[in-house]
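Colleague: I'd like to ask some things about the structure below.
In the working numbering, the protein residues as written are 648 to 847.
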(Lines of atoms letter the chains of each structure in order from A and count residues from 1; the text may use other names and numbers.)
(Lines give C-alpha, C1' and ligand atoms only; values in the text may rest on other atoms or scores of the structure.)
Protein backbone atom coordinates (compact mmCIF):
# COMPACT_ATOMS: atom_id res chain seq x y z
CA UNK A 1 0.00 0.00 0.00
CA UNK A 2 0.97 3.61 -0.40
CA UNK A 3 -0.23 6.56 1.70
CA UNK A 4 -2.96 7.57 -0.75
CA UNK A 5 -4.39 4.04 -0.62
CA UNK A 6 -4.26 4.13 3.19
CA UNK A 7 -6.18 7.42 3.24
CA UNK A 8 -8.77 6.09 0.83
CA UNK A 9 -9.32 2.92 2.91
CA UNK A 10 -9.65 4.91 6.16
CA UNK A 11 -12.06 7.35 4.53
CA UNK A 12 -14.19 4.56 3.05
CA UNK A 13 -14.49 2.73 6.39
CA UNK A 14 -15.45 5.97 8.16
CA UNK A 15 -18.02 6.88 5.51
CA UNK A 16 -19.44 3.32 5.63
CA UNK A 17 -20.34 3.76 9.30
CA UNK A 18 -21.30 7.47 9.31
CA UNK A 19 -23.66 7.23 6.35
CA UNK A 20 -25.90 9.92 7.85
CA UNK A 21 -23.00 12.36 8.27
CA UNK A 22 -20.52 14.13 5.96
CA UNK A 23 -16.93 12.88 6.17
CA UNK A 24 -14.15 15.28 5.16
CA UNK A 25 -10.39 15.59 5.53
CA UNK A 26 -9.30 18.29 7.99
CA UNK A 27 -7.17 21.27 6.98
CA UNK A 28 -8.45 21.38 3.43
CA UNK A 29 -10.30 24.27 1.85
CA UNK A 30 -13.85 23.23 2.61
CA UNK A 31 -17.03 24.95 3.61
CA UNK A 32 -18.12 23.34 6.85
CA UNK A 33 -21.05 21.01 6.18
CA UNK A 34 -24.18 20.96 8.33
CA UNK A 35 -24.21 18.77 11.43
CA UNK A 36 -23.40 15.97 11.84
CA UNK A 37 -19.98 15.68 10.21
CA UNK A 38 -16.65 13.92 10.79
CA UNK A 39 -13.18 15.23 10.07
CA UNK A 40 -10.15 13.01 9.49
CA UNK A 41 -6.49 13.88 9.89
CA UNK A 42 -3.25 11.87 9.68
CA UNK A 43 -0.12 12.85 11.59
CA UNK A 44 3.51 12.23 10.55
CA UNK A 45 4.55 8.89 9.09
CA UNK A 46 6.95 6.56 10.89
CA UNK A 47 8.81 4.16 8.57
CA UNK A 48 11.14 1.42 9.73
CA UNK A 49 14.78 1.87 8.76
CA UNK A 50 15.29 -1.64 7.46
CA UNK A 51 12.86 -3.29 5.02
CA UNK A 52 11.71 -6.87 4.67
CA UNK A 53 13.34 -8.24 1.50
CA UNK A 54 11.48 -10.53 -0.90
CA UNK A 55 13.03 -13.08 -3.27
CA UNK A 56 12.16 -10.92 -6.30
CA UNK A 57 14.16 -8.01 -4.88
CA UNK A 58 11.17 -5.94 -3.73
CA UNK A 59 11.30 -4.36 -0.30
CA UNK A 60 8.53 -3.70 2.22
CA UNK A 61 8.77 -1.10 4.95
CA UNK A 62 6.55 -1.22 8.03
CA UNK A 63 4.83 2.16 8.33
CA UNK A 64 2.69 3.71 11.03
CA UNK A 65 0.78 6.93 11.58
CA UNK A 66 -1.78 8.33 14.01
CA UNK A 67 -5.24 9.14 12.69
CA UNK A 68 -7.42 11.74 14.39
CA UNK A 69 -11.20 11.37 14.14
CA UNK A 70 -13.38 14.32 15.15
CA UNK A 71 -17.15 13.97 15.33
CA UNK A 72 -19.30 17.11 15.36
CA UNK A 73 -22.97 16.51 16.13
CA UNK A 74 -26.09 18.23 17.38
CA UNK A 75 -26.78 15.21 19.59
CA UNK A 76 -30.11 13.55 20.33
CA UNK A 77 -33.25 15.68 20.69
CA UNK A 78 -34.57 15.66 24.26
CA UNK A 79 -38.26 14.88 24.55
CA UNK A 80 -40.61 15.02 27.49
CA UNK A 81 -43.54 12.76 26.84
CA UNK A 82 -44.42 13.41 23.21
CA UNK A 83 -43.03 16.94 23.22
CA UNK A 84 -39.63 17.93 21.81
CA UNK A 85 -38.06 20.39 24.24
CA UNK A 86 -35.61 22.04 21.84
CA UNK A 87 -32.66 20.77 23.85
CA UNK A 88 -30.20 18.14 22.67
CA UNK A 89 -28.41 15.45 24.69
CA UNK A 90 -24.66 15.11 24.16
CA UNK A 91 -24.09 11.81 22.32
CA UNK A 92 -20.73 12.69 20.76
CA UNK A 93 -18.61 10.29 22.86
CA UNK A 94 -21.07 7.38 22.75
CA UNK A 95 -21.47 7.81 18.99
CA UNK A 96 -17.69 7.72 18.57
CA UNK A 97 -17.54 4.58 20.72
CA UNK A 98 -20.07 2.96 18.39
CA UNK A 99 -17.79 3.79 15.46
CA UNK A 100 -14.84 1.99 17.03
CA UNK A 101 -16.99 -0.99 17.94
CA UNK A 102 -17.73 -1.15 14.21
CA UNK A 103 -14.03 -0.78 13.28
CA UNK A 104 -12.97 -3.48 15.79
CA UNK A 105 -15.73 -5.93 14.83
CA UNK A 106 -14.98 -9.15 12.98
CA UNK A 107 -16.26 -7.64 9.75
CA UNK A 108 -14.44 -4.37 10.30
CA UNK A 109 -11.06 -5.95 11.01
CA UNK A 110 -11.47 -8.33 8.05
CA UNK A 111 -12.25 -5.41 5.76
CA UNK A 112 -9.23 -3.48 7.04
CA UNK A 113 -7.00 -6.54 6.66
CA UNK A 114 -8.13 -6.90 3.04
CA UNK A 115 -6.70 -3.43 2.51
CA UNK A 116 -3.49 -4.30 4.39
CA UNK A 117 -4.37 -2.11 7.37
CA UNK A 118 -4.43 -2.50 11.12
CA UNK A 119 -6.13 0.15 13.27
CA UNK A 120 -5.80 0.36 17.05
CA UNK A 121 -7.73 2.87 19.18
CA UNK A 122 -5.55 4.99 21.48
CA UNK A 123 -7.74 5.73 24.53
CA UNK A 124 -9.33 7.83 25.76
CA UNK A 125 -12.13 9.08 23.52
CA UNK A 126 -12.29 12.75 24.48
CA UNK A 127 -15.30 15.01 24.86
CA UNK A 128 -14.19 18.39 23.44
CA UNK A 129 -17.61 20.02 23.42
CA UNK A 130 -16.52 22.88 25.67
CA UNK A 131 -14.14 24.07 22.96
CA UNK A 132 -16.99 24.47 20.46
CA UNK A 133 -19.49 26.57 22.37
CA UNK A 134 -20.23 30.11 21.26
CA UNK A 135 -23.12 32.53 21.57
CA UNK A 136 -24.72 31.70 18.21
CA UNK A 137 -24.57 27.93 18.01
CA UNK A 138 -23.93 24.83 20.05
CA UNK A 139 -22.44 21.64 18.72
CA UNK A 140 -21.10 18.62 20.53
CA UNK A 141 -17.66 17.28 19.63
CA UNK A 142 -15.73 14.12 20.43
CA UNK A 143 -12.22 13.20 19.32
CA UNK A 144 -10.43 9.87 19.13
CA UNK A 145 -6.97 8.88 17.94
CA UNK A 146 -5.93 5.55 16.48
CA UNK A 147 -2.67 4.02 15.31
CA UNK A 148 -2.75 2.87 11.69
CA UNK A 149 -0.14 0.34 10.50
CA UNK A 150 0.61 -0.95 7.00
CA UNK A 151 3.44 -2.17 4.75
CA UNK A 152 4.68 0.04 1.94
CA UNK A 153 6.42 -1.44 -1.07
CA UNK A 154 9.63 -0.02 -2.52
CA UNK A 155 10.57 -1.99 -5.60
CA UNK A 156 12.83 -1.54 -8.59
CA UNK A 157 16.41 -0.29 -8.68
CA UNK A 158 15.35 3.11 -7.35
CA UNK A 159 12.48 1.94 -5.14
CA UNK A 160 9.73 3.70 -7.12
CA UNK A 161 8.64 1.13 -9.71
CA UNK A 162 5.32 0.58 -7.89
CA UNK A 163 4.36 4.28 -7.87
CA UNK A 164 0.81 4.50 -9.27
CA UNK A 165 1.49 7.70 -11.21
CA UNK A 166 4.91 8.58 -12.66
CA UNK A 167 5.86 11.37 -12.32
CA UNK A 168 3.88 12.00 -9.16
CA UNK A 169 1.70 15.06 -8.57
CA UNK A 170 4.71 17.05 -7.38
CA UNK A 171 6.85 16.15 -10.40
CA UNK A 172 8.84 13.44 -8.66
CA UNK A 173 10.19 10.39 -10.49
CA UNK A 174 10.54 9.56 -14.16
CA UNK A 175 9.65 6.49 -16.22
CA UNK A 176 13.35 6.04 -16.99
CA UNK A 177 14.41 5.62 -13.39
CA UNK A 178 11.23 3.70 -12.47
CA UNK A 179 11.90 1.14 -15.20
CA UNK A 180 15.60 0.68 -14.43
CA UNK A 181 16.09 -3.04 -13.84
CA UNK A 182 17.73 -4.39 -10.75
CA UNK A 183 21.07 -5.91 -11.60
CA UNK A 184 21.53 -9.23 -9.96
CA UNK A 185 24.10 -11.97 -9.92
CA UNK A 186 22.61 -15.11 -11.43
CA UNK A 187 25.09 -17.50 -9.88
CA UNK A 188 28.68 -17.97 -8.86
CA UNK A 189 30.83 -20.93 -9.67
CA UNK A 190 33.22 -21.63 -6.86
CA UNK A 191 35.97 -24.11 -7.36
CA UNK A 192 37.87 -25.57 -4.48
CA UNK A 193 41.33 -26.97 -4.74
CA UNK A 194 42.28 -29.23 -1.94
CA UNK A 195 45.89 -29.20 -1.12
CA UNK A 196 47.16 -32.34 0.40
CA UNK A 197 49.82 -31.88 2.93
CA UNK A 198 52.69 -34.25 2.55
CA UNK A 199 53.90 -35.66 5.78
CA UNK A 200 57.56 -36.30 5.78
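Every residue gets a Cβ at the ideal spot worked out from N, C-alpha and C, and that includes glycine.
Quick one: grab the DSSP three-state call for residue 696.
Modeller: Looking at residue 696 - three-state DSSP - the assignment turns out to be coil, as it is neither helix nor strand.
Colleague: Under DSSP, the beta strand (DSSP E) around residue 795 begins and ends at which residues?
Modeller: Residue 795 -> beta strand (DSSP E) spans 787-801.
Colleague: Does residue 652 come out as helix, strand or coil in the three-state DSSP assignment?
Modeller: Three-state result, residue 652: helix.
Colleague: Can you find the residues in the same chain that come closer than 7 Å, C-beta to C-beta, to residue 677, ignoring five residues on each side of it along the sequence?
Modeller: So the list reads 671, once near-sequence residues are dropped.
Colleague: List the DSSP bridge partners of residue 715.
Modeller: Bridge partners of residue 715: 688 and 792.
Colleague: How is the alpha helix (DSSP H) around residue 822 delimited, first residue to last?
Modeller: Start and end: 822-825.
Colleague: If we count the other Cβ atoms within 10 Å of its Cβ and call it buried at 16 or more, is residue 799 buried or exposed?
Modeller: Burial call: buried.
Colleague: Tell me, please, whether the segment 761-781 touches the segment 729-745 by the rule of three or more beta-carbon pairs shorter than 8 Å.
Modeller: Result yes; three or more Cβ-Cβ pairs closer than 8 Å.
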